[in-house]
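Participant: Before we start, here is the structure in question, set down as structure tokens.
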Ligand code: DHB
Ligand code: FE
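Residue numbers (the numbering used here): 795 to 1074.
Structure, rendered in structure tokens:
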């Protein structure tokens, strides 16, 4: 049986990807950010997953206003790093897991969640920066990755509760797949940030810390938080945090926190990062 062994959350700041690609991780501005991921890379090397189910958002790269899937599952064998305007990042191609992705698609769709099945898609910083943070700069990514894209770019995004319930359905799907696979689920993006408008630059550290506390301790209640509260408290791009609830829904009600990190600022954003394990 496949099983979900751990959940990871991390911000996906594009400037962090550029710092890695340009070998600037030890520069004074960036060193404190990357220090927070030292434990994570060592832990990942000691606990390598077979597959990462990577919940992220596309930033008008693969999708545009022409086509806006709320939830899209990548069922291809390969996904190329996208050109976001400066050429593709110098990172390895992403190898998918088509059999598991199709199994999850059929299980989750038959559990009343509408997913868009994607057979060709380039992946942007939302997916590649978390991989770089957790795995460094290998010549090939050490595991398969199922990209799962959530619309948080164009209103209306899905509610926190829908994301949380979807996480539960993803867990049931993974646990009904016959092959023995160690699967991690990652929820990426966040934390508080706003990139445009009069409140550009907004960061709310008190909200972010409380969000992490509640994600760990009372996810059911956190899932009830209305979208307008994300907007008001965490800024317009803070809505990326609903993706963390998909990760949390796929874990057990009680979890063990293996690692927790928070740093402000990095680029326009607060960096938040968790590694959680099922309690049982
Ligand atoms: C930044 C953060 C993001 O999540 C993003 O998608 C783009 C930019 C930033 O902090 O600059
Ligand atoms: Fe983003």
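Here a beta-carbon is modelled for each residue, glycine too, at the ideal position from N, C-alpha and C. As the structure is a prediction and not an experimental result, all values here were calculated from the model.
Report buried or exposed for residue 1022, applying the criterion of at least 16 other Cβ atoms within 10 angstroms of its Cβ.
Facilitator: So residue 1022 counts as exposed.
Participant: Would you call the segment 865-881 and the segment 910-923 in contact, with 3 or more CB pairs under 8 Å?
Facilitator: Touching, per the Cβ criterion.
Participant: Could you please give the first and the last residue of the uninterrupted alpha helix (DSSP H) stretch that includes residue 955?
Facilitator: Start and end: 954-969.
Participant: Provide the residue span of the beta strand (DSSP E) that contains residue 938, from first to last.
Facilitator: Looking at the DSSP string, the run of the beta strand (DSSP E) that includes residue 938 is 938-944.
Participant: Residue 1049 lies in the beta strand (DSSP E); which residues open and close that run?
Facilitator: Residue 1049 -> beta strand (DSSP E) spans 1049-1060.
Participant: Spatial neighbours of residue 1001 within its chain, please: C-beta separation below 7 Å, excluding the five flanking residues on both sides.
Facilitator: Excluding sequence neighbours, residue 1001 sits near 986, 1027 and 1028.
Participant: Tell me, please, which residues DSSP counts as bridged to residue 850.
Facilitator: In DSSP, residue 850 forms a bridge with 943.
Participant: Counting Cβ pairs, one atom from each stretch, are 3 or more of them under 8 Å apart for the segment 856-868 and the segment 931-946?
Facilitator: Contact holds: three or more Cβ-Cβ distances are below 8 Å.
Participant: Please find out if some non-hydrogen atom of the ligand FE comes closer than 7 Å to the beta-carbon of residue 851.
Facilitator: The answer is yes for residue 851.
Participant: Can the beta-carbon of residue 1067 be found closer than 8 Å to that of residue 803?
Facilitator: The answer is yes: Cβ separation under 8 Å.
Participant: Residue 850 and residue 982 look like a contact to me (Cβ under 8 Å); what is the Cβ gap, rounded to whole Å?
Facilitator: So it is a contact: roughly 5 Å between Cβ atoms.
Participant: Quick check on residue 998: buried or exposed, where buried means 16 or more other Cβ atoms within 10 Å of its Cβ?
Facilitator: That one is buried.
Participant: With 8 Å set as the bound, which would you pick, yes or no: does the beta-carbon of residue 959 sit closer than that to a beta-carbon of chain C?
Facilitator: Structure shown: chain C not included; a single protein chain is present.
Participant: Would you say the segment 949-964 touches the segment 1031-1047, given that touching needs at least three Cβ pairs under 8 Å?
Facilitator: The segment 949-964, when compared against the segment 1031-1047, does touch it at the 8 Å Cβ threshold.
Participant: Residue 928 and residue 835: beta carbons closer than 8 Å?
Facilitator: A contact, by the Cβ cut-off of 8 Å.
Participant: Going by CA-CA distance only, name the one from 1060, 801, 898 and 847 that's closest to residue 970.
Facilitator: Nearest C-alpha to residue 970: 898.
Participant: In angstroms with no decimal places, state the Cα-to-Cα distance between residue 947 and residue 854.
Facilitator: Roughly 8 Å between the two C-alpha positions.
Participant: Does the Cβ of residue 990 have 16 or more other Cβ atoms within 10 Å, making it buried, or fewer, making it exposed?
Facilitator: When all chains shown are included, residue 990 counts as exposed.
Participant: Does the Cβ-Cβ distance between residue 905 and residue 966 come in under 8 Å?
Facilitator: Contact flag set, yes.
Participant: Under 8 Å by Cβ, that's how I've got residue 809 and residue 1060 pegged, so tell me the actual separation to the nearest angstrom.
Facilitator: The pair is a contact, with the Cβ atoms about 7 Å apart (cut-off 8 Å).
Participant: Just to confirm the assignment, what range does the beta strand (DSSP E) spanning residue 978 have?
Facilitator: 975-982 is the span of the beta strand (DSSP E), which, as asked, contains residue 978.
Participant: Only counting the same chain, and skipping five residues up and downstream in sequence, which positions put a Cβ closer than 8 Å to that of residue 799?
Facilitator: 841, 843, 976, 977, 978, 1071 and 1072, listed in sequence order.
Participant: Tell me the DSSP secondary structure of residue 1031 in three-state form.
Facilitator: Here residue 1031 sits in helix by DSSP.
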